[in-house]
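Number of protein chains: 2
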Amino acid sequence: MYNFIAIQTLFDDYLSQHFFQQAPSELYEPVNYILQLGGKRLRPALLLMSTQLFDTDIQKALPAAYAVEIFHNFSLVHDDIMDEAPLRRGKPTVHHQYNINTGILSGDVMLIYAYEYLLKTENPSIIKDIVQIFNRFAIEVCEGQQLDMNFEQQSDVTIAQYIKMIELKTAALIGGALELGALIGGASREDAAHLAAFGRNAGIAFQLQDDLLDTFGDPEKVGKKPGGDIVQNKKTYLIIKALEIADPTTRAELLQWMTMPTTHNAEKIQRVTSILKDLNIPTIVEDVKTDFMQKAYAHFALIKGSEVVKKELLELADKLANRTF
Amino acid sequence: MYNFIAIQTLFDDYLSQHFFQQAPSELYEPVNYILQLGGKRLRPALLLMSTQLFDTDIQKALPAAYAVEIFHNFSLVHDDIMDEAPLRRGKPTVHHQYNINTGILSGDVMLIYAYEYLLKTENPSIIKDIVQIFNRFAIEVCEGQQLDMNFEQQSDVTIAQYIKMIELKTAALIGGALELGALIGGASREDAAHLAAFGRNAGIAFQLQDDLLDTFGDPEKVGKKPGGDIVQNKKTYLIIKALEIADPTTRAELLQWMTMPTTHNAEKIQRVTSILKDLNIPTIVEDVKTDFMQKAYAHFALIKGSEVVKKELLELADKLANRTF
Numbered sequence: 008m009y010n011f012i013a014i015q016t017l018f019d020d021y022l023s024q025h026f027f028q029q030a031p032s033e034l035y036e037p038v039n040y041i042l043q044l045g046g047k048r049l050r051p052a053l054l055l056m057s058t059q060l061f062d063t064d065i066q067k068a069l070p071a072a073y074a075v076e077i078f079h080n081f082s083l084v085h086d087d088i089m090d091e092a093p094l095r096r097g098k099p100t101v102h103h104q105y106n107i108n109t110g111i112l113s114g115d116v117m118l119i120y121a122y123e124y125l126l127k128t129e130n131p132s133i134i135k136d137i138v139q140i141f142n143r144f145a146i147e148v149c150e151g152q153q154l155d156m157n158f159e160q161q162s163d164v165t166i167a168q169y170i171k172m173i174e175l176k177t178a179a180l181i182g183g184a185l186e187l188g189a190l191i192g193g194a195s196r197e198d199a200a201h202l203a204a205f206g207r208n209a210g211i212a213f214q215l216q217d218d219l220l221d222t223f224g225d226p227e228k229v230g231k232k233p234g235g236d237i238v239q240n241k242k243t244y245l246i247i248k249a250l251e252i253a254d255p256t257t258r259a260e261l262l263q264w265m266t267m268p269t270t271h272n273a274e275k276i277q278r279v280t281s282i283l284k285d286l287n288i289p290t291i292v293e294d295v296k297t298d299f300m301q302k303a304y305a306h307f308a309l310i311k312g313s314e315v316v317k318k319e320l321l322e323l324a325d326k327l328a329n330r331t332f
Numbered sequence: 008m009y010n011f012i013a014i015q016t017l018f019d020d021y022l023s024q025h026f027f028q029q030a031p032s033e034l035y036e037p038v039n040y041i042l043q044l045g046g047k048r049l050r051p052a053l054l055l056m057s058t059q060l061f062d063t064d065i066q067k068a069l070p071a072a073y074a075v076e077i078f079h080n081f082s083l084v085h086d087d088i089m090d091e092a093p094l095r096r097g098k099p100t101v102h103h104q105y106n107i108n109t110g111i112l113s114g115d116v117m118l119i120y121a122y123e124y125l126l127k128t129e130n131p132s133i134i135k136d137i138v139q140i141f142n143r144f145a146i147e148v149c150e151g152q153q154l155d156m157n158f159e160q161q162s163d164v165t166i167a168q169y170i171k172m173i174e175l176k177t178a179a180l181i182g183g184a185l186e187l188g189a190l191i192g193g194a195s196r197e198d199a200a201h202l203a204a205f206g207r208n209a210g211i212a213f214q215l216q217d218d219l220l221d222t223f224g225d226p227e228k229v230g231k232k233p234g235g236d237i238v239q240n241k242k243t244y245l246i247i248k249a250l251e252i253a254d255p256t257t258r259a260e261l262l263q264w265m266t267m268p269t270t271h272n273a274e275k276i277q278r279v280t281s282i283l284k285d286l287n288i289p290t291i292v293e294d295v296k297t298d299f300m301q302k303a304y305a306h307f308a309l310i311k312g313s314e315v316v317k318k319e320l321l322e323l324a325d326k327l328a329n330r331t332f
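Top to bottom, those sequences are chains W and X.
Here the first sequence is numbered in the numbering used here, starting from 8 and rising by one per residue.
Here the second sequence is numbered in the numbering used here, starting from 8 and rising by one per residue.
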């Protein structure tokens with residue numbers, strides 16, 4: 008069996024053999040740039056692990072794993088333009104390193120190449136299914152990004168709307184990667200659907216953990232200072248829940264901080280964090296995370312497939328939901 | 008047989024039944040906006056006509072025709088952002104009507120839906136082939152757009168480089184639409200390849216005609232004032248050829264006009280047009296167009312399929328190369 012580390016190595020080897028050498032270099036160099044910025048290759052690793060549940064030969068799933076990684080990075084390139092983000096993984100974003108037009112066009116060609124790699128999957132009988140699964144989550148990622156942008160202008164975002172947004176923007180792709188991997192491994196429709204649901208619920212927990220760490224994470228472990236979301240007035244689960252349960256005075260104070268000009272950031276982070284703590288938000292989020300992980304486990308329990316791989320995949324999902332790697 | 012008009016009607020009916028009703032409306036309304044801006048639906052019409060060469064039932068090709076039209080409009084939305092174009096078909100471009108982020112994201116989701124419609128083609132045995140053909144020209148369109156942007160910064164663009172650029176940016180999609188239509192109609196590989204080559208050569212002629220009309224067209228027929236390319240210092244076939252064949256003095260004058268600040272536009276248009284005329288550029292371009300149409304006809308002559316549809320398609324190609332519709 009390939010464990011997570013072995014799968015990461017396998018994938019990184021494939022990736023380094025499939026950099027974009029085509030002309031014009033102005034189009035393809037930025038593609039290699041973003042693909043080489045690294046990251047944990049989580050989505051392709053999940054896809055390959057999912058194949059391994061049903062088939063020891065996971066080489067056949069490498070092109071689809073690459074398709075998913077290319078798609079993920081395409082969405083980062085375009086999202087970073089929309090969010091005007093200067094940095095990604097500590098390095099300049101594509102549109103900062105090059106320019107916005109390059110970001111748009113190199114992103115576009117990445118999306119097309121994702122389909123190109125998807126088609127390299129050898130089994131012709133599943134091509135239509137895997138392109139359909141890919142389309143579905145790709146559309147969901149766009150819809151999630153649109154909702155995320157809508158929320159910036161919207162003062163009354165509900166918890167249900169927020170969960171829907173992160174399900175589309177983040178969790179759908181995680182579930183979709185697992186579903187693709189399962190089908191390529193020869194899983195039944197039922198097993199593939201359970202893996203998709205497992206990934207979708209774990210993916211929501213993963214995003215909630217991300218929200219939590221942004222405010223309450225250990226800077227040394229997380230690799231960045233806490234409070235970024237607070238400074239940007241992002242309506243994360245933490246803030247939406249706090250606005251929902253706070254007494255009128257606290258609610259008013261929170262809203263005041265969120266509409267204040269961006270001076271006094273240190274004070275703002277300190278005060279908002281303190282309000283969230285007083286409202287017991289970290290515990291509430293932990294509980295909700297647990298609920299989603301329970302749903303994920305319930306689907307997981309119904310999946311057939313190699314027990315030893317199941318154990319490895321479960322450990323990976325736990326790490327994911329706790330971001331301890 | 009469906010003639011061009013009947014095919015346009017058939018396609019417009021399909022399109023109006025397949026507007027994007029999904030949520031969030033912020034994402035999909037701009038998609039409907041650009042799709043409703045009109046245009047002659049040339050690419051889907053060519054696809055459907057190509058199917059009709061081999062099969063009287065062209066309904067089966069409607070989803071792929073829509074895929075091609077969605078893709079074409081996606082590329083317009085993103086290109087208009089890159090080119091900072093305020094107008095498209097006389098109406099505000101998507102990023103002017105909405106904003107740049109909307110243009111990026113709605114364009115992205117259009118590209119994904121193009122694949123979604125492609126998959127609706129009923130014959131499962133050709134799905135992989137048609138997605139592969141689609142990928143190839145979609146990649147070429149991106150590469151062509153990149154070359155076009157590169158040329159803005161490049162003073163020594165050759166005729167060969169320019170032809171390559173328009174082949175990628177414009178002609179590949181026309182050839183690809185015909186190839187897709189042929190395969191869906193049940194054509195042999197050989198016939199499909201000849202149709203692709205026919206479309207590619209006719210597409211180059213089509214773009215050369217576009218260049219010609221921009222400077223020498225009758226404003227009443229073309230629907231815009233002549234000289235747009237000259238004002239923008241676009242390195243079209245006309246200018247590249249003129250720089251190649253002009254004597255040193257004329258060449259210097261042309262280059263001087265092209266680097267001048269954008270005052271004196273009327274004088275610039277008049278003088279550059281006059282230089283091009285003196286150098287016999289319109290005749291040269293007509294000759295080159297004829298060469299490409301001859302290549303197109305040579306491929307066309309080898310295609311099997313309904314003679315009456317062949318005649319209709321050929322008339323359409325002639326209109327295309329002369330832009331007389």
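Even for Gly, the Cβ is constructed at its ideal location relative to N, Cα and C.
Where residue i sits in the DSSP three-state scheme
i: LEU22/W; result: helix
i: PRO99/W; result: strand
i: LEU309/X; result: coil
i: LEU190/W; result: helix
i: LEU202/X; result: helix
i: LEU94/W; result: strand
i: LYS284/W; result: helix
i: VAL238/W; result: helix
i: VAL164/X; result: coil
i: ALA273/W; result: helix
i: PRO233/X; result: coil
i: MET8/W; result: coil
i: PHE223/X; result: helix
i: ILE1/X; result: This structure cannot speak to residue 1/X, because chain X is shown only from 8 to 332.
i: ASP294/X; result: helix
i: GLN28/W; result: coil
i: THR128/W; result: coil
Beta-carbon contacts of residue i that lie in its chain and below 8 Å, excluding the five residues immediately before and after
i: LEU262/X; result: LEU250
i: VAL116/X; result: LEU34, TYR35, VAL38
i: ASN10/W; result: GLU319
i: LEU215/X; result: ILE173, TYR244, VAL292, VAL295, LYS296, PHE299
Range covered by the alpha helix (DSSP H) that runs through residue i
i: SER132/W; result: Where SER132/W is concerned, there is no enclosing alpha helix (DSSP H), given that its DSSP letter is neither H nor E.
i: GLU314/X; result: 314-329
i: ASN39/X; result: 32-42
i: PHE81/X; result: 69-89
i: LYS248/W; result: 244-252
i: ASP123/X; result: Looking at the sequence itself, residue 123/X is Glu, so the reference to Asp does not match. Unbroken alpha helix (DSSP H) run through GLU123/X: 107-125.
i: THR58/X; result: 49-61
i: PRO255/W; result: 255-266
Neighbourhood of residue i by C-beta, 7 Å cutoff - its chain only, sequence neighbours within 5 removed
i: GLY45/W; result: ARG96
i: ILE288/X; result: LEU245, LYS248, ALA249
i: ALA324/W; result: ALA209, ALA303
i: LEU283/W; result: THR222, LEU245, ALA249
i: ASP198/W; result: ALA189, ILE310, LYS311, GLY312
i: ALA121/X; result: ALA74, ILE77, PHE78, PHE81
Same chain, Cβ closer than 6 Å to residue i, five either side skipped, listed in chain order
i: ALA212/W; result: LYS296, PHE299, MET300, ALA328
i: GLU232/X; result: For clarity, residue 232/X is Lys in the given sequence; the question names Glu instead. The residues are PRO226.
i: VAL238/W; result: ASN272
i: PHE144/X; result: ALA179, LEU180, GLY183
i: LYS275/W; result: TRP264
Worksheet item: Going along the chain, which residues of the region 131-149 of chain W sit with their C-beta nearer than 7 Å to a C-beta in chain X?
Response: For chain X, the residues of the region 131-149 of chain W that bring a beta carbon within less than 7 Å of one of its beta carbons are PRO131, ILE134, LYS135, VAL138, GLN139, ASN142, ALA145, ILE146, CYS149, in chain order.
Worksheet entry | contact_flag[the region 300-313 of chain W, the region 196-203 of chain W] where n(CB pairs < 8 Å) is 3 or more | Verdict: yes, contact present.
Practice prompt. Could you list the residues in the region 81-105 of chain W with a C-beta less than 7 Å from some C-beta on chain X, going in chain order?
Written response: Residues of the region 81-105 of chain W whose Cβ lies closer than 7 Å to any Cβ of chain X, in chain order: HIS85, ILE88, MET89.
Discussion item. Does the structure place the region 172-185 of chain X close enough to the region 51-71 of chain X that three or more beta carbon pairs sit under 8 Å?
Written reply: Touching, yes.
Item to complete: Residues of the region 155-170 of chain W with a CB closer than 9 Å to any CB of chain X: list them in chain order, please.
Response: Within the region 155-170 of chain W, MET156, ASN157 place their CB atoms closer than 9 Å to a CB of chain X, listed in sequence order.
Fill in: Contact between the region 90-102 of chain X and the region 125-135 of chain W (3+ Cβ pairs under 8 Å)
Touching, no.
Worksheet item: Do three or more CB pairs link the region 45-58 of chain W to the region 9-26 of chain W at distances below 8 Å?
Response: Segments in contact, yes.
Worksheet entry | Contact between the region 214-224 of chain X and the region 271-289 of chain X (3+ Cβ pairs under 8 Å) | With a cut-off of 8 Å, the region 271-289 of chain X and the region 214-224 of chain X count as touching, because enough Cβ pairs lie within range.
Worksheet item: Residues in the region 24-39 of chain W with C-beta within 7 Å of chain X's C-beta atoms, listed in sequence order?
Response: From the region 24-39 of chain W, only PRO31, GLU33, LEU34 have a Cβ closer than 7 Å to chain X.
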